[in-house]
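Working notes for the structure below.
In our numbering, the protein residues as written are 5 to 136.
Below is the structure:
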């Protein structure tokens, strides 16, 4: 297991029970987490849009844990919409264990990124820039 968190957080403490032999590698900074995501069989992440879309673009199964303390709840809205579309699984800190135990990764649908050029052209036209 790779465990990444920002430098302002403490090093994780992991409890191991039963016959589980889990090695945890902890880091606070990587120039790019993409290589680690590519090697992963499952990613469990916070529900930030950058983490979500980077993982989905790399085609990895994803469980996002929503930060319920955010005032505008934008993480929850994005995570719940993508879960509704079966691109990822959405959990909260108190439901993560149950989500992992009940997950069916085969039910997840690949995420296909949208095409940005039509939106860019519309914005450019609106702003008076030349349109190709």
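We treat Cβ as the ideally placed atom computed from N, Cα and C, and that holds for glycine. From a predicted model like this one, the values you see are computed outputs, not experimental measurements.
Margin query: Mapping the DSSP letters down to three states, classify residue 6 as helix, strand or coil.
Written below: Looking at residue 6 - three-state DSSP - the assignment turns out to be strand.
Next item on the list: Can you tell me which of 129, 6, 110 puts its alpha carbon nearest to the alpha carbon of residue 63?
Entry: 110
Check: Leaving out the 5 sequence neighbours to the left and right, which residues in its chain are closer than 6 angstroms to residue 124 when beta-carbon positions are compared?
Finding: none
Note to self: Relative to the C-alpha of residue 91, which candidate in 30, 57, 127 has its C-alpha closest?
What the structure shows: The shortest Cα separation from residue 91 among 30, 57, 127 belongs to 57.
Note to self: Let me check understanding here. Comparing Cα to Cα, which of 104, 132, 116 lies closest to residue 1?
What the structure shows: The shown model of the chain, from 5 to 136, leaves out residue 1, and the question about it has no answer.
Checklist line | Option nearest residue 114 by Cα separation, candidates 88, 95, 134, 133 | finding: 88
Next item on the list: Starting from the C-beta of residue 55, find all residues in its chain whose C-beta is less than 7 angstroms away, skip the five residues before and the five after it, and write them out in chain order.
Entry: Beyond the five residues adjoining it in sequence on each side, residue 55 comes within less than 7 angstroms, by CB distance, of 49 in the same chain, given in chain order.
Next item on the list: Note down the Cα distance separating residue 100 from residue 132, rounded to an integer number of angstroms.
Entry: 48 angstroms
Next item on the list: For residue 41, collect the residues of the same chain with a Cβ closer than 8 angstroms to its Cβ; drop the 5 residues on either side in sequence, then sort them by chain order.
Entry: 47, 58, 59, 62, 64
Next item on the list: Excluding the 5 residues preceding and the 5 following residue 103 in the sequence, name in chain order all residues of the same chain whose CB lies nearer than 7 angstroms to its CB.
Entry: 67, 93, 95
Next item on the list: Could you check if residue 137 is buried or exposed, using at least 16 other CB atoms within 10 Å of its CB as the buried criterion?
Entry: As displayed, the chain neither begins before 5 nor continues past 136, which places residue 137 out of reach and without an answer.
Checklist line | Residues near residue 79 by beta carbon distance below 6 angstroms, same chain, minus five either side | finding: 51, 70, 71
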